[in-house]
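*Asks:* Below is one structure. I have some questions about it.
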Amino acid sequence: GASAVGKTSIIHQFLYNQFNHKDLNTTLTAAYVSHKINDKVVNIWDTAGQERFSSLAPQFFKDADIVALVFSVTEPDTLEKVKSY
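Per this note's numbering, the sequence shown runs over residues 153 to 237.
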């Protein structure tokens, strides 16, 4: 998804069951985290939302079992940007 739509916040909520509304930093490059859930390892890529990185998306999607596309309901143009993925 586009920048500042909440991708990192969703990942933090999923992994750590916490939402830090004070730390709203934008991911500048792709970030990677490996997390164990029910004895299974889950590898999560948090991609940068800047348009210049959108061409890299297929590399992150390759061999993925799940892909989450994120947009902001308060910014309709971010839904249009999701369609480009």
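Don't be surprised by glycine CBs; every beta carbon is placed ideally from N, CA and C. All values reported here derive from a predicted model rather than from experimental measurement.
Grab me the residues of Leu231's own chain with a C-beta within less than 6 Å of its C-beta, minus the 5 sequence neighbours each way, in chain order.
*Replies:* Phe223
*Asks:* Using DSSP with H/G/I as helix, E/B as strand and the rest coil, what is Ala220?
*Replies:* coil
*Asks:* When you compare only the Cα positions, how much space is there between Asp217 and Asn195?
*Replies:* 10 Å
*Asks:* Give me the Cα-Cα distance between Val185 and Trp197, rounded to the nearest whole angstrom.
*Replies:* 7 Å
*Asks:* Hey, could you find the ends of the alpha helix (DSSP H) Lys192 is sitting in?
*Replies:* Unbroken run through Lys192 is the beta strand (DSSP E), 192–198; no alpha helix (DSSP H).
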